[in-house]
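Down below is the structure, laid out as structure tokens.
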Amino acid sequence: VRGIFGLFGAGYTQSDLKFKWTNGSTTYTTNAIDVSLTPIDLFTVGYGVVTGGGVSNGTLDSSSGSTTFFNLNFGLGPVDLLAGYRMWDATHKHKSGSKAKLKYNEIGLGVGFGFWLIDIWFWGQSSMPPIHIFFISFYLKKQIPASSFSLSKTKSDSI
Numbered sequence: 042v043r044g045i046f047g048l049f050g051a052g053y054t055q056s057d058l059k060f061k062w063t064n065g066s067t068t069y070t071t072n073a074i075d076v077s078l079t080p081i082d083l084f085t086v087g088y089g090v091v092t093g094g095g096v097s098n099g100t101l102d103s104s105s106g107s108t109t110f111f112n113l114n115f116g117l118g119p120v121d122l123l124a125g126y127r128m129w130d131a132t133h134k135h136k137s138g139s140k141a142k143l144k145y146n147e148i149g150l151g152v153g154f155g156f157w158l159i160d161i162w163f164w165g166q167s168s169m170p171p172i173h174i175f176f177i178s179f180y181l182k183k184q185i186p187a188s189s190f191s192l193s194k195t196k197s198d199s200i
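If you're matching positions, the sequence shown starts at 42 in the numbering used here and goes up one per residue.
Listed below in structure tokens is the structure:
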């Protein structure tokens, strides 16, 4: 979900990364809030901070890291078609003391809907550029195969 007000935006995103093992699989969930800049209507770039996460087969102590992204926006009236690329660099610390370091990328397609919030008219002309907001929904994501994963234990766990 992303709101864009003029040039600046703020958003929330969630990513699920699934690793398949011989005896099953593990899914890591990473949540982030981010800010963005849209210098032209066609291009948005942003940076986010990991705010939390989860793991399918255990309990996390904490999650940290960052995410960066860019989107290409193709306007069709009040609707935008979006193509995006997002890079994740997250660390999930398990209660057991182990850490999972995740570095992966995603590509995505989405749809944005435009709503005019402010349009002030002064003597027949707008006194300021209109401010609009887009909420992105139906964002389909796919991880790119060049993902990296490492699992490490703290020194206190080794014997």
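Virtual Cβ for every residue (Gly too), placed ideally from N, Cα, C.
Check your understanding: If we count the other Cβ atoms within 10 Å of its Cβ and call it buried at 16 or more, is N98 buried or exposed?
Key -> Flag for N98 reads exposed.
Check your understanding: What is the DSSP secondary structure of P80, reduced to helix, strand or coil?
Key -> If DSSP states are grouped into helix, strand and coil, P80 belongs with the strands.
Review point. By the 10 Å Cβ neighbour count, where 16 or more other Cβ atoms means buried, how is S137 classified, buried or exposed?
Key: Sixteen is the threshold: since fewer than 16 other Cβ atoms of the shown chains lie within 10 Å of the Cβ of S137, the residue is exposed.
Exercise for review: Can you check the segment 56-117 for any beta strand (DSSP E) of at least 3 residues that lies completely inside it and give the ranges in chain order?
Suggested key: If we require 3 residues or more, the beta strand (DSSP E) runs fully inside the segment 56-117 come out as 65-81, 84-96, 101-117.
Exercise for review: Note down the Cα distance separating A124 from A73, rounded to an integer number of angstroms.
Suggested key: Cα to Cα, A124 sits roughly 19 Å from A73.
Check your understanding: Does the distance from the C-beta atom of T71 to that of A131 stay below 7 Å?
Key -> A contact, by the Cβ cut-off of 7 Å.
**Study point:** Meets three-Cβ-pair contact criterion under 8 Å: the segment 84-93 and the segment 104-114
**Key:** Between the segment 84-93 and the segment 104-114, the count of C-beta pairs closer than 8 Å reaches three or more; the two stretches touch.
Review point. Is the beta carbon of Y69 less than 7 Å from the beta carbon of V96?
Key: Yes, Cβ-Cβ distance for Y69 and V96 is below 7 Å.
**Study point:** Backbone CA spacing between L78 and A51 [nearest angstrom]
**Key:** About 9 Å.
Practice item. Report buried or exposed for V91, applying the criterion of at least 16 other Cβ atoms within 10 angstroms of its Cβ. Key: Counting C-beta atoms within 10 angstroms of its own C-beta, V91 has 16 or more neighbours from the protein chains shown and is therefore classed as buried.
Review point. Three-state secondary structure (DSSP) at K144?
Key: K144 falls in the strand class under three-state DSSP.
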